[in-house]
Amino acid sequence: MTMPASEKGAEISRRDFLKSGAALASVTLAPGVTLMAFGGNASADGLKPGARWGLLIDAAKCPSDCSACVSACSAEQGWENNGLDTDPQWIRKVTLRDKKTGRENSLPVMCQHCDEPPCVDVCPTGASFKREDGIVLVNRHTCIGCRYCMMACPFKARSFVHEPVTNQKTISPRGMGTVEGCNLCVHKIDRGDGTTACVEACTATGHNAMMFGDLNDPESEIAKAVSTYASQELRADLGLNLGVRYQNI
Amino acid sequence: MQRIIYRELRSTPKVWGLMALCGAFVAAAGFSVLYVEEYGHIVTGMNNQIVWGLPHVFAIFLIVAASGALNVSSIGSVFGKMAYKPVARLANVLAVALLVGGLAVLVLDLGRPDRLIMAMYTYNFTSIFAWNILLYTGFIGVVAVYLYTLMARGVSPRTQKMVSLVAFLWRLALTTGTGSIFGWLVARTAYDSAIMAPLFIAMSFSFGMAMFMLVMILTTSVSNRVYSPELRTRQARLLGVFVAAVLYFVLVHHLSNIYLAKKTAYESWILLNGGIYTLLFWVGQVLIGGIIPLVLLFHPKIDVKKGYVLLAALLVVIGGLAQLYVIVVGGQAFPLDIFPGFEVSSSFSDGVVASYRPTLLELSLGLGGVALALMLAGLAMKFLRIVPENLTDDNVDPVLLTD
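Quick mapping for you: the protein sequence lines, in order, are chains A and B. Sequence positions in the first sequence follow numbering that gives the first Met the number 0 and run 0 to 248. Sequence positions in the second sequence follow numbering that gives the first Met the number 0 and run 0 to 402.
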């Protein structure tokens, strides 16, 4: 369910509240001195106004032996996982087995693009940031590689680049010593593809377990699907309001 | 009773030998930093599951101990225990030195230490890390002013007390910030608890006092000066109280976790089945860092047993490092519970305890931080008048001896 704009405006978010405390503290400590600007530039050219990009993943349609979404992401973004603990993994397939019933299923897990992202909260330099359309990104130019975001992420969605990188994709620059993760194929969204590499690959296999779209657009396929059928967020208890939702876990 | 006289350390082979030893460790750490810079963190034991390893253990130990070392000074100025006054200067210097050592390790373990300047001008005020940058740098400034009030002539006791109070409150804020780095991590079962802040404050009292006493024993020994046995005994007993306080907070933390159904799996792992972490908890943290020091420090003959004090302080430091290893690495090794009620598996270590094998490079960086702190403190003692020359029982405050 999305909140009407008027209600949103009346609320002060937790982050804004914290920032106002920080502003007050800095004014008190050093009146008249402006040392830093708050927040990052989360607006980019061509953003769809009011959009909240997200994914809907149907675990019932996701076969355990398929990892097309993972391969597609790897090829699109130029990262490679060869099974080492130090290798990056922007998206992974997780196999679940219900402890009580024994039922097994499988689903992909990636950055959940939280509305209240803990990684953004903890990042000391603001390199982790959320765009106005809900996409959570890392600015590789300001990331100092402290890895606090990796400590804070409830979904292990981020990887640290442990070694020099070669053959980078121009659409997705990477760098040793910085942190990276799913960017929801922001380059594709910004050029109007209307989908992501993982969703494209999933659709191409015929499984159709993944759907991409604007959760805030009532006419979009994804918004209609989440308003019609039951879906859930991972770790809903944390109240992070995720951009990725799952069905049939 | 004589007036306390402060003198610089004399240039003896022992003093310069110790400096050279510290210098060698710092150089080794420098090499390891350059090596990791060149090849990336792939050459360390850290990985995408254990993102903070041994360097963080040392860094956090030093940062926590720094605020605790300042406490030795605060006891004299803020709480009026005049017997602590003669060692206040050294406590201030040691506090700054430990903090610098800890910060050096923390910064040099960054993925991009060359970009540290970013952290100086692009602040994110919702990050406790960013707050800590202000708290740490501010601490150095406040303690420097405090040291000035202790060493300069003509500073009124009122001013000195006020500055010392600010420094004391600042150090409480600093350790609250350090504890909250973990306490505010909602995602991980091992952390996510408000008790982390007071626990870290208790740890700072304990580790800081232990480090101070070790440095004091070493310094007075190499410079043939006196460490008043009466003051030493008082500090030893106080260290005992701090060690007990740490154990208390640890007990409450674990009991609270055991009471919460969602945390019992973590508790049974860390307390019973966690392998190296369980061993480090019970043997390293509780026995070596807690129970044995308590027995030594509250020994009836502690006033004449200098060796007991030395051993107890050393064990508190070793136990403290073990405790931080359990908190920092153990807390990350336990799998995240992303899917409650399910057994999970993946190619990214979901559902399994993460593995971590620290390398010599990381140990070298951590020890380099300790050596840097000791070297800075040593240089300050060599060139500044901060170590008392005549700290005998007769020259410490007589009130102490009668109460």
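Glycine is no exception: its CB is placed at the ideal position from the N, C-alpha and C atoms. Nothing here was measured: the structure is a model prediction, and the numbers come from that model.
{"Asked": "Beta carbon proximity, Cys142/A to chain B, threshold 9 Å", "Found": "yes"}
{"Asked": "Short CB-CB distance (under 9 Å) between Trp183/B and chain A", "Found": "yes"}
{"Asked": "Ile248/A at chain B interface by Cβ criterion, 9 Å", "Found": "yes"}
{"Asked": "Inside the stretch 210 to 280 of chain B only - alpha helix (DSSP H) runs reaching at least 4 residues", "Found": "228 to 258, 263 to 267 and 275 to 278"}
{"Asked": "Chain A within 9 Å of Leu109/B, Cβ atoms only", "Found": "yes"}
{"Asked": "Neighbourhood of Ser5/A by C-beta distance below 6 Å, restricted to the same chain and skipping five residues each side", "Found": "Confidence is the limiting factor: at Ser5/A the pLDDT is only 41, short of 50, which leaves the residue's position unreliable, though a coordinate-based value still follows. Once the five neighbours on either side are set aside, Ser5/A has no close Cβ partner at all."}
{"Asked": "Spatial neighbours of Cys113/A in its chain, beta-carbon cut-off 6 Å, leaving aside the 5 residues before and after", "Found": "Leu239 and Leu241"}
{"Asked": "Helix, strand or coil at Ile4/B [DSSP, three-state]", "Found": "coil"}
{"Asked": "Any C-beta of chain A under 9 Å from that of Thr125/B", "Found": "yes"}
{"Asked": "Residues that Trp52/A bridges to, as DSSP identifies them", "Found": "Asp213/A"}
{"Asked": "Listed by chain order, chain A residues near Ala129/B by CB distance under 7 Å", "Found": "Pro123"}
{"Asked": "Of the residues Ala129/B, Thr219/B, Asn47/B and Gly140/B, the one placed nearest Lys305/B, counting alpha carbons only", "Found": "Thr219/B"}
{"Asked": "Closest residue to Asp132/A among Tyr245/A, Gln246/A, Asn215/A and Ile90/A (Cα-Cα distance)", "Found": "Asn215/A"}
{"Asked": "Spatial distance of Ile251/A from Leu107/B (CA atoms)", "Found": "Missing from the structure shown is residue 251/A; chain A here goes from 0 to 248 and no further."}
{"Asked": "Pairwise C-alpha distance: Leu279/B and Ile139/B", "Found": "33 Å"}
{"Asked": "Asp189/A: contacting residues in chain B (beta-carbon distance under 9 Å)", "Found": "Simply none; closest approach about 23 Å."}
{"Asked": "Terminal residues of the alpha helix (DSSP H) in which Met380/B lies", "Found": "Leu359 to Phe382"}
{"Asked": "Closer than 9 Å to chain A by CB, Thr358/B", "Found": "no"}
{"Asked": "Chain B contact for Glu218/A (CB, 9 Å cutoff)", "Found": "no"}
{"Asked": "Under 7 Å by beta carbon: chain A residues contacting Glu342/B", "Found": "Arg96 and Lys98"}
{"Asked": "The stretch 60 to 75 of chain B touching the stretch 159 to 172 of chain B, judged by at least three CB pairs closer than 8 Å", "Found": "yes"}
{"Asked": "Sequence-distant residues of the same chain with beta carbon closer than 7 Å to Gly137/B, five excluded per side", "Found": "Trp169"}
{"Asked": "Candidates Ser219/A, Ser66/A and Cys184/A, of which the one nearest Gly77/A by Cα", "Found": "Cys184/A"}
{"Asked": "Uninterrupted beta strand (DSSP E) stretches inside the stretch 75 to 160 of chain A (no shorter than 3 residues)", "Found": "90 to 97, 103 to 109, 127 to 129, 135 to 137 and 157 to 159"}
{"Asked": "Within chain A, partners of Met117/B - CB distance below 7 Å", "Found": "Thr124, Thr141 and Ile143"}
{"Asked": "Chain-order list of residues whose beta-carbon lies under 7 Å from that of Pro197/B (same chain, five-residue window excluded)", "Found": "Phe248"}
{"Asked": "Buried/exposed call for Asn70/B, threshold 16 Cβ in 10 Å", "Found": "buried"}
{"Asked": "Members of the stretch 200 to 221 of chain B that neighbour chain A once the beta carbon cut-off is set at 7 Å", "Found": "none"}
{"Asked": "Rounded separation between Gly130/A and Leu250/B - CA only", "Found": "The residue asked about is misnamed: residue 130/A is Arg in this sequence, not Gly. Taking the straight line from one Cα to the other gives about 43 Å."}
{"Asked": "Three-way DSSP call (helix, strand, coil) for Thr33/A in this model", "Found": "Note on Thr33/A: pLDDT 32, under 50, position unreliable in the model; the coordinate value appears next. The answer is coil: DSSP assigns Thr33/A none of H, G, I, E or B."}
{"Asked": "Between the CA atoms of Ile3/B and Val121/A - distance to the nearest angstrom", "Found": "47 Å"}
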